[in-house]
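Engineer: Take a look at the following structure, please.
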Amino acid sequence: MKLLITGGSGFIGTNLLELLLVNNVDNFINVDKQKPLDDAHSKFWVDCNILDKKKLLEVFTAFEPTHVVHLAAKTDTASDKLEDYNENTDGTANLIEAIEKTHTVVHVVITSTQYVYKSKENPLPRSDKDYIPHTTYGISKKITEELTHNSKMKAAWTVIRPTNVWGPWNMRYPNELLKIVDKGWYFHPGKTNPVKSYAYVKNVVHQIFQILQSDISDVNHQTYYVGDEPMKSLQWINSFSRELTGKTVKSFPIFILHSVSFVGDILRKIKIPFPLHSERFNNMLDNYETPMKKTIDAFGLSNPNLDENVKETIDWLKNKGKPNFEYWKNKY
1 MKLLITGGSG FIGTNLLELL LVNNVDNFIN VDKQKPLDDA HSKFWVDCNI LDKKKLLEVF
61 TAFEPTHVVH LAAKTDTASD KLEDYNENTD GTANLIEAIE KTHTVVHVVI TSTQYVYKSK
121 ENPLPRSDKD YIPHTTYGIS KKITEELTHN SKMKAAWTVI RPTNVWGPWN MRYPNELLKI
181 VDKGWYFHPG KTNPVKSYAY VKNVVHQIFQ ILQSDISDVN HQTYYVGDEP MKSLQWINSF
241 SRELTGKTVK SFPIFILHSV SFVGDILRKI KIPFPLHSER FNNMLDNYET PMKKTIDAFG
301 LSNPNLDENV KETIDWLKNK GKPNFEYWKN KY
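Using full-length UniProt numbering, the first residue of the sequence shown is number 1, and each one after it goes up by one.
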């Protein structure tokens with residue numbers, strides 16, 4: 001296997017590279033516009049933006065990969081302008097064109113998101129092409145999937161939909177959720193305890209690796225949600241709270257938190273960061289279950305224990321990860 005990974009410098013990509021090296025797989029390159037998060041991965045890095053169609057094709061032609069994992073994307077939900085997510089649309093189109101012109105490629109894994117489908121009325125999609133996108137980011141990833149489905153690639157393709165991914169090398173949670181929990185500022189809305197779809201990153205990359213190693217006929221033209229079994233949100237957040245503070249989180253009346261979220265909306269509009277706003281508040285209340293059985297039956301979980309995974313994440317934050325975060329660097 002000669003593996004080309006786009007976006008291997010990011011959160012999921014860094015963990016995928018670690019897993020490959022642990023399994024003595026080193027015939028790969030990481031095509032990314034950003035340098036790797038982990039300096040140990042620098043020798044695999046090829047500096048290339050997937051929006052640069054000409055250079056991307058040159059990289060494919062020179063390396064002649066047999067397998068591709070497409071992770072490169074803009075993954076935040078901060079914008080409501082589709083053009084802000086052109087890496088997910090135009091970038092994916094460039095990647096598919098490069099694959100169509102590179103006859104050595106036999107299998108490509110395309111990364112989408114659970115956000116291509118969210119519905120309170122019908123919580124689970126009826127088919128892989130049943131779309132109700134959530135946020136403009138979700139719309140951009142719907143386009144990612146449609147480009148894949150409608151492509152002329154001779155290579156086999158598999159679409160993956162990560163759920164809410166967390167773990168070592170996540171560069172957002174330590175500055176947001178984990179810091180709030182550590183300071184005792186997290187308040188759970190009332191007695192709500194919705195079911196959520198979480199994904200420990202090491203389970204995600206395990207599932208990607210298993211897809212790459214599977215018989216192509218089993219995974220060709222298949223879509224898999226990747227992550228863990230859905231669980232109650234309090235189970236997840238309390239595992240972090242116990243690890244960080246030795247206590248479970250406090251609850252607060254829903255109407256008060258709702259009011260505070262409106263204040264957060266106003267502050268966000270004038271570019272003042274605030275931990276709670278309407279989008280985040282609504283996410284705290286919503287059930288968001290995804291169909292994981294197909295994935296877990298086929299590929300399993302490498303790290304099934306939530307508390308152990310939380311401990312591993314906090315240990316990373318206390319050690320290798322802390323130079324990236326001022327708050328945690330000062331604390332530890």
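Quick reminder that beta carbons are idealized off the backbone N, C-alpha and C, glycines included.
#1: T163 lies in the alpha helix (DSSP H); which residues open and close that run?
#2: Reducing DSSP to helix, strand and coil, say where I143 ends up.
#3: Take V226 as the anchor and find which of T61, S197, I99 has the nearest alpha-carbon.
#4: Which residues bound the alpha helix (DSSP H) around F209?
#5: Determine the extent of the beta strand (DSSP E) in which Y225 is found, giving its start and end residues.
#6: With a threshold of 8 Å, are at least 3 pairs of Cβ atoms found where one atom belongs to the region 156 to 173 and the other to the region 208 to 225?
#7: Could you check how far apart the C-beta atoms of V165 and E289 are, in whole angstroms? I think they sit under 8 Å.
#8: Sort out for me which residues DSSP pairs I180 with in a bridge.
#9: Is L16 closer than 8 Å to I29 when the C-beta atoms are compared?
#10: CA-CA distance, T104 and M231?
#11: Quick check on DSSP: helix, strand or coil for S251?
#12: Give the range of the alpha helix (DSSP H) segment to which L56 is assigned.
#13: May I have the straight-line CA-CA distance separating K183 from T223, to the nearest angstrom?
#14: If contact is defined by three or more beta carbon pairs under 8 Å, each pair taking one atom from either stretch, is the region 78 to 98 in contact with the region 56 to 65?
#15: Below 6 Å CB to CB, which residues in the same chain sit around E64 once its five sequence neighbours on both sides are set aside?
#16: For my contact list, W185 and P275 are in at a C-beta cut-off of 8 Å; report their separation, rounded to the angstrom.
#17: My output table needs one value for T77: the three-state DSSP class, helix, strand or coil.
#18: Compute the Euclidean distance between the alpha carbons of L244 and E308, then round it to the nearest angstrom.
#19: Quick test of your reading: L71 and I139, contact by CB under 8 Å. State the CB separation rounded to the nearest angstrom.
#20: Measure the CB-CB distance between L19 and F209 and report whether it falls below 8 Å.
#21: Tell whether a beta-carbon distance below 8 Å holds between N94 and L37.
#22: How long is the line joining the alpha carbons of Y327 and S127, rounded to whole angstroms?
#23: Rounding to the nearest angstrom, what Cα-Cα distance links D32 and L317 in this structure?
#24: For H103, which of helix, strand or coil comes out of DSSP?
#25: Out of N175, P304, P189, state which residue places its alpha-carbon closest to the alpha-carbon of H206.
#26: How many angstroms separate the CA atom of F187 from the CA atom of K294?
#27: With the cut-off set at 8 Å, would you say L306 and N203 are in Cβ contact?
#28: Under 8 Å by Cβ, that's how I've got N88 and T144 pegged, so tell me the actual separation to the nearest angstrom.
#29: Mark N27 as exposed unless 16 or more other C-beta atoms lie within 10 angstroms of its C-beta, in which case mark it buried.
#30: Helix, strand or coil for K154, going by three-state DSSP, please let me know.
#31: Distance check for Y137 and S79, CA to CA, integer angstroms please.
#32: With distance defined between alpha-carbon atoms, name the residue in D297, V310, V69, N287 nearest to S241.
#33: Is it buried or exposed, Q213, if we count other Cβ atoms within 10 angstroms and call 16 or more buried?
#34: Taking the C-alpha atoms as reference points, what is the distance between H277 and T66?
Structural biologist: Looking at the coordinates:
#1: Taking the sequence shown and counting its residues from 1, one reaches residue 163 at position 163. Segment: none, T163 is in no alpha helix (DSSP H) and carries neither H nor E.
#2: Against the sequence shown, residue 143 aligns to sequence position 143. Three-state result, I143: helix.
#3: If you number the sequence shown from 1, residue 226 lands on position 226. Comparing Cα positions, the closest option is S197.
#4: In the sequence shown, counting from the first residue as 1, residue 209 sits at position 209. Counting along the chain, the alpha helix (DSSP H) containing F209 begins and ends at 201 to 213.
#5: Position 225 of the sequence shown holds residue 225. For Y225, the enclosing beta strand (DSSP E) starts and ends at 222 to 226.
#6: Verdict: yes, contact present.
#7: As a working mapping, residue 165 is identified with position 165 in the sequence shown. As a working mapping, residue 289 is identified with position 289 in the sequence shown. For a cut-off of 8 Å, the C-beta gap from V165 to E289 is around 16 Å, too long to register as a contact.
#8: By 1-based counting over the sequence shown, the position of residue 180 is 180. Per DSSP, none; premise fails for I180.
#9: By 1-based counting over the sequence shown, the position of residue 29 is 29. By 1-based counting over the sequence shown, the position of residue 16 is 16. No, Cβ-Cβ distance for I29 and L16 is not below 8 Å.
#10: Within the sequence shown, residue 104 is the residue found at index 104, counting from 1. Within the sequence shown, residue 231 is the residue found at index 231, counting from 1. Going by the C-alpha atoms only, they are around 41 Å apart.
#11: Counting from 1 along the sequence shown, the entry for residue 251 is found at position 251. Note: S251 maps to strand in three-state DSSP.
#12: If you number the sequence shown from 1, residue 56 lands on position 56. Counting along the chain, L56 sits inside the alpha helix (DSSP H) bounded by residues 53 to 63.
#13: Position 183 of the sequence shown, counting from 1, holds the residue named residue 183. Position 223 of the sequence shown, counting from 1, holds the residue named residue 223. Computed Cα separation, rounded: 39 Å.
#14: The region 56 to 65 and the region 78 to 98 touch, with no fewer than 3 CB-CB distances between them shorter than 8 Å.
#15: Along the sequence shown, one-based indexing puts residue 64 at 64. Closer than 6 Å at Cβ, skipping near neighbours: T104.
#16: By 1-based counting over the sequence shown, the position of residue 185 is 185. By 1-based counting over the sequence shown, the position of residue 275 is 275. Right, their Cβ atoms sit about 7 Å apart.
#17: In the sequence shown, residue 77 corresponds to position 77, counting from 1. In this structure, T77 counts as coil in the three-state DSSP scheme.
#18: As a working note, residue 244 is residue 244 in the sequence shown. As a working note, residue 308 is residue 308 in the sequence shown. If I take the Cα positions, the gap works out to 13 Å.
#19: Here the question's residue 71 lines up with position 71 in the sequence shown. Here the question's residue 139 lines up with position 139 in the sequence shown. Rounded, the Cβ-Cβ distance is 19 Å, inconsistent with contact.
#20: Numbered from 1 along the sequence shown, position 19 holds the residue referred to as residue 19. Numbered from 1 along the sequence shown, position 209 holds the residue referred to as residue 209. If you check the CB distance, L19 and F209 come in under 8 Å.
#21: Taking the first residue of the sequence shown as 1, we reach residue 94 at position 94. Taking the first residue of the sequence shown as 1, we reach residue 37 at position 37. No. Outside cutoff.
#22: Your numbering for residue 327 matches position 327 in the sequence shown. Your numbering for residue 127 matches position 127 in the sequence shown. The straight-line gap from Cα to Cα measures roughly 44 Å.
#23: Along the sequence shown, one-based indexing puts residue 32 at 32. Along the sequence shown, one-based indexing puts residue 317 at 317. Computed Cα separation, rounded: 24 Å.
#24: The residue labelled residue 103 in the question sits at position 103 within the sequence shown. Three-state result, H103: coil.
#25: The residue given as residue 206 occupies position 206 in the sequence shown. Out of N175, P304, P189, P304 has the C-alpha closest to the C-alpha of H206.
#26: Residue 187 sits at position 187 when you count from the first residue of the sequence shown. Residue 294 sits at position 294 when you count from the first residue of the sequence shown. So the alpha carbons of these two residues sit roughly 34 Å apart.
#27: One-based indexing of the sequence shown puts residue 306 at position 306. One-based indexing of the sequence shown puts residue 203 at position 203. Not closer than 8 Å, so no.
#28: For the purposes of this step, residue 88 is taken as residue 88 along the sequence shown, with counting starting at 1. For the purposes of this step, residue 144 is taken as residue 144 along the sequence shown, with counting starting at 1. Right, the Cβ-Cβ distance comes to about 5 Å (below 8 Å), so this counts as a contact.
#29: Within the sequence shown, the letter at position 27 stands for residue 27. Counting Cβ neighbours within 10 Å, N27 comes out exposed, since fewer than 16 surround it.
#30: For the purposes of this step, residue 154 is taken as the residue at position 154 of the sequence shown. In the structure shown, K154 sits in coil (DSSP, three-state: anything other than H, G, I, E or B).
#31: Here residue 79 corresponds to residue number 79 of the sequence shown, with the count starting at 1. Here residue 137 corresponds to residue number 137 of the sequence shown, with the count starting at 1. Roughly 8 Å between the two C-alpha positions.
#32: Walking along the sequence shown from the start, residue 241 turns up at place 241. Checked all of D297, V310, V69, N287; the closest Cα to S241 is V310.
#33: The sequence position of residue 213 within the sequence shown is 213, counting from 1. Label assigned to Q213: exposed.
#34: Working through the sequence shown from its first residue, we reach residue 277 at position 277. Working through the sequence shown from its first residue, we reach residue 66 at position 66. Approximately 45 Å, taken between the alpha carbons.
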